[in-house]
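So the structure is just underneath, and the comments pick up after that.
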Amino acid sequence: SSLHAIRGTFLDFINDPFYASDADSVRYISDGLLVVENGAIADFGTYDDLHNRYANLPTETYFNKLITPGFIDTHIHYPQYEMVAAYGEQLLEWLNKYTFPTEGKFHDYAYAQKIAALFLDELLKNGTTTALVFATVHPQSVDAFFEVASRLNLRMICGKVLMNRYAPDFLTDTPQRAYEESKKLIQKWHNNGRLLYAVTPRFAITSTDEQLRLAGQLLQEFPDVYLHTHLSENLQEVEWVAELFPNSKSYLDVYDRAGLVGKTSVFAHGVQLTDEEFQRLSHAKAAISFCPTSNLFLGSGLFKLHTAKSATMPIKVGLGTDIGAGTSFSMLQTMSEAYKVVQLQNQSLSAFKALFLATLGGAIALSLDDKLGNFDPGKEADFVVLDPQATPLMAVRNQGFPAKSREELSDQVFGTLMLGDDRAIHAVYVAGTLAHQK
Ligand code: GUN
Ligand code: FE
Numbered sequence: 007s008s009l010h011a012i013r014g015t016f017l018d019f020i021n022d023p024f025y026a027s028d029a030d031s032v033r034y035i036s037d038g039l040l041v042v043e044n045g046a047i048a049d050f051g052t053y054d055d056l057h058n059r060y061a062n063l064p065t066e067t068y069f070n071k072l073i074t075p076g077f078i079d080t081h082i083h084y085p086q087y088e089m090v091a092a093y094g095e096q097l098l099e100w101l102n103k104y105t106f107p108t109e110g111k112f113h114d115y116a117y118a119q120k121i122a123a124l125f126l127d128e129l130l131k132n133g134t135t136t137a138l139v140f141a142t143v144h145p146q147s148v149d150a151f152f153e154v155a156s157r158l159n160l161r162m163i164c165g166k167v168l169m170n171r172y173a174p175d176f177l178t179d180t181p182q183r184a185y186e187e188s189k190k191l192i193q194k195w196h197n198n199g200r201l202l203y204a205v206t207p208r209f210a211i212t213s214t215d216e217q218l219r220l221a222g223q224l225l226q227e228f229p230d231v232y233l234h235t236h237l238s239e240n241l242q243e244v245e246w247v248a249e250l251f252p253n254s255k256s257y258l259d260v261y262d263r264a265g266l267v268g269k270t271s272v273f274a275h276g277v278q279l280t281d282e283e284f285q286r287l288s289h290a291k292a293a294i295s296f297c298p299t300s301n302l303f304l305g306s307g308l309f310k311l312h313t314a315k316s317a318t319m320p321i322k323v324g325l326g327t328d329i330g331a332g333t334s335f336s337m338l339q340t341m342s343e344a345y346k347v348v349q350l351q352n353q354s355l356s357a358f359k360a361l362f363l364a365t366l367g368g369a370i371a372l373s374l375d376d377k378l379g380n381f382d383p384g385k386e387a388d389f390v391v392l393d394p395q396a397t398p399l400m401a402v403r404n405q406g407f408p409a410k411s412r413e414e415l416s417d418q419v420f421g422t423l424m425l426g427d428d429r430a431i432h433a434v435y436v437a438g439t440l441a442h443q444k
């Protein structure tokens, strides 16, 4: 069969380091063996413990590398691939000036396929093996994305944007059309191989009450489908939402009244949330995607990670690049910017906590921790081979690699997050198969 093994230095999480000690959450195996069968992890442990049992398996060995679970990007827009780094505006002007004209191109299926292929190639090159992805209002933009993702055998979540006002005519649908098109796409793609569907209203401004209500109806009809949208990113946006929905007590309440706040809901940003809204998200077991490079680039503000991960109202949090408002496809760079956003609030984010958000934390945020996020047997074999010494600078910074202790490891991982990008991604495995190599 397809039984094979990877030998090397492994790091993953078996608990949330925001709530458990490093000793109880970080699993570090300096000489380990990962056994893969039919795209899933069949066994995992130290080389000493396992090598007799698997003596004759074809084995790939990585020296002086660090193997982690594949990175999970919990919020990104594939159609915005070509408009990364658009100058000079904050959210609402940025949408009108750059985003909407770009998204207009995705009525063209061939164009959408071309960009989807470039986009997924860039994700893989950066070690990202799963993402929650915005398409555009055009159903064919979702078809194009899923066709390419399915060829690459990636676990991906995507959905058609619902948007019926405050956008150009060429980008708007109607509540009924959005409902019907989404339903067809769910039936075609949800649980088709490794693909999953997300009902995707853009944000409260661009959907009427009726459209949000129909989105809620889709979630009732298909309870394991995701809800993916933007929430409370920018102050002007929050003020406009309050004017548009005078009967709602908060931005989150607009979504709540439509039945959009639940266990499979993922809200991007949440920069301007009140404590009451944080409380409600915690109670509903909904997730936030923290998008540091985007929040800095658009000048949106500093996400209160310490509030979201507080002991009293824990919220599921993942990291998102939010390309094209975010400026890097690299989850290493995204972890680095997350650290800086937290520093600006006089808090700290350890290397382990950052890496947790990009792996098991992301899997939990996407309710995929039964399938992804660490090296537990039974999970899907998506993983990244990092090179902590990828550049001359990193080789000197991390000269002691591989670490002898967890403290030393923490320092080397921190150096890798701060200095690393796609150059530090040595190899990427998808369902146990080599999918990218530097
Ligand atoms: N809010 C509504 N649409 C968007 C988008 O495309 N990007 C970001 N960052 N925020 C949004
Ligand atoms: Fe976004």
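Residue numbers (the UniProt record's numbering): 7 to 444.
Built from N, CA and C at the ideal position, the CB exists for glycine as well.
Just so you know, the alpha carbons of N159 and S8 end up roughly 16 Å apart. In the three-state reduction of the DSSP assignment, K359 falls in the helix class, which pools H, G and I. Apart from the 5 residues on each side of it in sequence, S334 sits with its Cβ closer than 6 Å to the Cβ of T299 in its chain, given in chain order. Judged by the Cβ position, A396 fails to qualify as a neighbour of the ligand FE at the 6 Å threshold, every heavy atom of the ligand being at least this far.
Segment contact: the stretch 300-317 against the stretch 277-291, three or more CB-CB distances shorter than 8 Å; contact assigned. DSSP, read as helix, strand or coil, puts E239 in coil. Distance from the CA atom of N197 to the CA atom of M162, rounded to whole angstroms, is 10 Å. Around the C-beta of A91, fewer than 16 other C-beta atoms lie within 10 Å, and the residue is accordingly described as exposed. When secondary structure is reduced to three states using DSSP, M337 falls in the helix class.
When the five nearest sequence neighbours on each side are left out, the beta carbons in the same chain lying within less than 8 Å of the beta carbon of K322 are those of K291, A292, A293, I294, G367, I370, A371, in order along the chain. Listed in chain order, the non-local C-beta contacts of Q193 below 8 Å within the same chain number zero, local neighbours out to five positions each way being set aside. Nearest Cα to C164 within the set P181, T136, Q182: T136. Taken atom to atom, the span from the alpha-carbon of A150 to that of T178 is near 19 Å. Under the DSSP assignment, I82 falls in the beta strand (DSSP E) whose first and last residues are 77-83.
A Cβ-Cβ separation of about 13 Å leaves A204 out of contact with H236 under the 8 Å criterion.
Around the C-beta of A61, fewer than 16 other C-beta atoms lie within 10 Å, and the residue is accordingly described as exposed. D230 and T74 have their C-alpha atoms some 28 Å from each other. Counting the other Cβ atoms within 10 Å of the Cβ of P394 gives 16 or more, which makes it buried. Contact between M400 and A364 does not hold, since the beta-carbon distance rounds to 18 Å and is not under 8 Å. About 11 Å separates the beta carbon of L130 from that of V154, a gap too long to meet the 8 Å contact definition. Rounded to the nearest angstrom, the Cβ distance from P207 to L258 is 14 Å, too far for a contact under 8 Å. Here D127 carries a helix assignment [DSSP, helix/strand/coil]. Secondary structure of M400 (DSSP, three-state): helix. For R208, the Cβ falls inside the 6 Å cut-off from some heavy atom of the ligand GUN.
Sorting R171, L202, K189, H144 by C-alpha distance to the C-alpha of F152 places L202 at the top. In its chain, beyond the 5 residues on either side, V348 have a beta carbon closer than 7 Å to the beta carbon of S354. Less than 7 Å divides the Cβ of I121 from the Cβ of Y87.
Nearest to P145 by C-alpha distance, out of T67, Y53, A184, is A184. The C-alpha of A396 is placed about 29 Å away from the C-alpha of L350.
Comparing alpha carbon positions, the residue from L101, S416, G307, N44 closest to K346 is G307.
The bridge partners DSSP lists for C164 are V139, Y203.
The beta strand (DSSP E) runs of length 3 or more contained entirely in the stretch 44-119 are, from start to end of the chain, 46-52, 65-75, 77-83. Secondary structure in the stretch 173-218: the beta strand (DSSP E) runs of 3 residues or longer, each lying completely within the stretch, are 202-207 in chain order.
Here L378 is actually not in contact with T80; their C-beta atoms are around 12 Å apart, not less than 8 Å.
Relative to A360, the option among L425, F420, D375 whose CA is nearest is F420. The residues L338, in chain order, have a CB closer than 6 Å to that of G426 in the same chain once the five nearest residues on each side in sequence are set aside.
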